[in-house]
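Listed in order, the protein sequences are those of chains A and B.
Everything in the first sequence is counted per the working numbering, starting at 1 for the first residue and increasing by one.
Everything in the second sequence is counted per the working numbering, starting at 114 for the first residue and increasing by one.
We put the beta carbon where it would ideally sit given N, CA and C, even for glycine.
Heads up: the structure comes next, in structure tokens.
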Amino acid sequence: NAGVTQTPKFRILKIGQSMTLQCTQDMNHNYMYWYRQDPGMGLKLIYYSVGAGITDKGEVPNGYNVSRSTTEDFPLRLELAAPSQTSVYFCASSYGGNQETQYFGPGTRLLVL
Amino acid sequence: GDSVTQMEGPVTLSEEAFLTINCTYTATGYPSLFWYVQYPGEGLQLLLKATKADDKGSNKGFEATYRKETTSFHLEKGSVQVSDSAVYFCALSDPNTNAGKSTFGDGTTLTVKP
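Right under this line is the structure:
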């Protein structure tokens, strides 16, 4: 199994540009999450989904959008990129809710200049 | 809101030394508690977890006990190895929903020298 895969691995954006970070999992998990990790900090939850067609905001959703049309895919859209969005983005998935382990992808490093 | 406070790093130890990384949390209700490890250039992976008070999670020689009375989940290992060098994150899962929404500490960087 590939687990959780993310593309691209690294991207440089100019201020005001848009992009989509891709995330796919092959574990048939219902729950998926997007986090950002700033240097020296823990992960902050951006958006999450408890199943196809259901998404909700996390702690830091401003400047981002998500969709969940299938169980496998959970893309994160950045509109009008800003330097404050420079970060490492991790996608994760889990089988269930609060007691379940989250499985993380390798991350996408984004630099906004 | 929920919060997780971890011992500040970085931590540098010699091989075979004893490791403790402190973690305390604030949450309403009874969260599940996790330790994740992040190796350089990789995503986080679960090290161990505990889902109720007094549970002990263990894996690869690491242990942590869910202490409700002190709201703590300290990570310990009796004898560290060079291969344990990584960043360690304590996390809790929001007990007020069942969505697995997690709050992470800032991470503690461990370096083990031969």
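Proximity to residue i [Cα-Cα], best of the options
| i | options | result |
| --- | --- | --- |
| Gln-194/B | Pro-144/B, Thr-133/B and Ser-127/B | Ser-127/B |
| Gly-3/A | Lys-9/A, Leu-21/A, Gln-25/A and Gly-42/A | Gln-25/A |
| Leu-160/B | Tyr-201/B, Pro-153/B, Asn-135/B and Gly-122/B | Tyr-201/B |
| Phe-147/B | Ala-204/B, Asn-211/B and Thr-210/B | Ala-204/B |
| Leu-223/B | Ala-130/B, Asn-209/B, Ser-171/B and Glu-182/B | Ala-130/B |
| Thr-20/A | Asp-38/A, Asp-73/A and Asn-28/A | Asp-73/A |
| Glu-100/A | Cys-23/A, Met-32/A and Lys-44/A | Met-32/A |
| Leu-113/A | Asn-65/A, Asn-28/A, Arg-11/A and Tyr-95/A | Arg-11/A |
| Pro-106/A | Val-88/A, Thr-70/A and Asp-38/A | Val-88/A |
C-beta contact flag for residue i and residue j at 8 Å
| i | j | result |
| --- | --- | --- |
| Tyr-48/A | Lys-165/B | no |
| Val-46/A | Trp-34/A | In the sequence as presented, Val is not what sits at residue 46/A; that position holds Ile. In this structure, Trp-34/A lies closer than 8 Å to Ile-46/A by Cβ. |
| Gln-119/B | Phe-104/A | no |
| His-187/B | Thr-141/B | no |
| Thr-184/B | Val-124/B | no |
| Thr-86/A | Lys-9/A | no |
| Leu-78/A | Gly-58/A | no |
| Pro-75/A | Ser-67/A | yes |
| Gly-51/A | Asn-30/A | yes |
| Tyr-13/A | Leu-80/A | Note that residue 13/A corresponds to Leu in the displayed sequence, not to Tyr. Against a cut-off of 8 Å, the Cβ pair of Leu-80/A and Leu-13/A comes out as no contact. |
| Gln-37/A | Cys-91/A | no |
| Lys-162/B | Gly-174/B | no |
Local Cβ density within 10 Å of residue i, reported as buried at 16 or more and exposed below that
| i | result |
| --- | --- |
| Ser-93/A | buried |
| Pro-144/B | buried |
| Gln-216/B | Correcting the residue type first, residue 216/B is Thr in the shown sequence and not Gln. Its Cβ being crowded by 16 or more others within 10 Å, Thr-216/B is buried. |
| Tyr-152/B | exposed |
| Asp-207/B | buried |
| Asp-197/B | buried |
| Met-41/A | exposed |
| Gly-191/B | exposed |
| Leu-43/A | buried |
Per-residue contacts from residue i into chain B (C-beta, under 7 Å)
| i | result |
| --- | --- |
| Phe-74/A | Per Cβ cutoff of 7 Å: no residues; Phe-74/A is ~13 Å from chain B at best. |
| Val-50/A | Ala-212 |
| Thr-101/A | Leu-159 and Lys-162 |
Where residue i meets chain A, residues with beta-carbon distance less than 7 Å
| i | result |
| --- | --- |
| Asn-211/B | Gly-97 and Asn-98 |
| Glu-155/B | Pro-106 |
| Phe-217/B | Gly-42 and Leu-43 |
| Gly-220/B | Gly-42 |
| Ser-145/B | Asn-98 and Gln-99 |
Interface partners of residue i on chain A, CB under 8 Å
| i | result |
| --- | --- |
| Pro-123/B | Within 8 Å Cβ-Cβ: nothing; Pro-123/B doesn't reach chain A, min ~10 Å. |
| Asp-207/B | Asn-98 |
Unbroken beta strand (DSSP E) run spanning residue i, endpoints
| i | result |
| --- | --- |
| Phe-175/B | 175-178 |
| Lys-190/B | 188-190 |
| Val-112/A | 108-112 |
| Ile-12/A | 10-13 |
| Tyr-89/A | 87-94 |
Partners in chain B for residue i, counting only beta-carbon separations shorter than 8 Å
| i | result |
| --- | --- |
| Tyr-64/A | Those do not exist, as Tyr-64/A stays about 16 Å from chain B at its closest Cβ, beyond 8 Å. |
Closer than 7 Å: residue i CB and nearest the ligand HEM heavy atom
| i | result |
| --- | --- |
| Tyr-31/A | No copy of the ligand HEM appears in this structure; indeed no ligand is present at all. |
Residues that residue i contacts on chain B, provided the C-beta gap is smaller than 9 Å
| i | result |
| --- | --- |
| Gly-58/A | Lys-214 |
| Tyr-89/A | Neighbours of Tyr-89/A on chain B: none; closest Cβ ~10 Å, over 9 Å. |
| Tyr-47/A | Neighbours of Tyr-47/A on chain B: none; closest Cβ ~11 Å, over 9 Å. |
| Ser-94/A | Gly-213 |
Interface residues of chain A facing residue i [CB-CB closer than 9 Å]
| i | result |
| --- | --- |
| Phe-175/B | Result: empty, since nearest Cβ-Cβ is about 15 Å, beyond 9 Å. |
| Phe-202/B | Gly-42 and Leu-43 |
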